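Read through the structure below, which is laid out as structure tokens, and then see the notes.
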């Protein structure tokens with residue numbers, strides 16, 4: 002059975018696992034400018050209400 006990956010774009014939600022992944026990436030301080038821009042764009046989407054923050058561990062249901 003193939004592994005399905007669900008992105009924030011697909012689900013419209015940011016899970017607990019997504020948030021920890023983002024936090025680790027930012028704290029690692031090795032992001033290039035494009036990655037940092039992508040994270041900023043994602044955070045703006047949260048602020049605008051286009052992406053919801055959910056308390057689920059994973060988007061895979």
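In my numbering, the protein residues as written are 2 to 62. Glycine is no exception: its CB is placed at the ideal position from the N, C-alpha and C atoms. Small disclaimer: the values here were computed from a predicted structure and weren't measured.
Counted as a single uninterrupted DSSP element, the alpha helix (DSSP H) harbouring residue 10 occupies residues 9 to 12.
Apart from sequence neighbours up to five positions away, the residues of its chain that approach residue 56 with a beta-carbon distance below 7 Å are 17, ordered along the chain. Ranked by Cα distance from residue 22, the options 51, 8 and 45 are led by 8. The C-beta separation of residue 59 from residue 52 comes to about 16 Å, leaving the pair out of contact by the 8 Å criterion.
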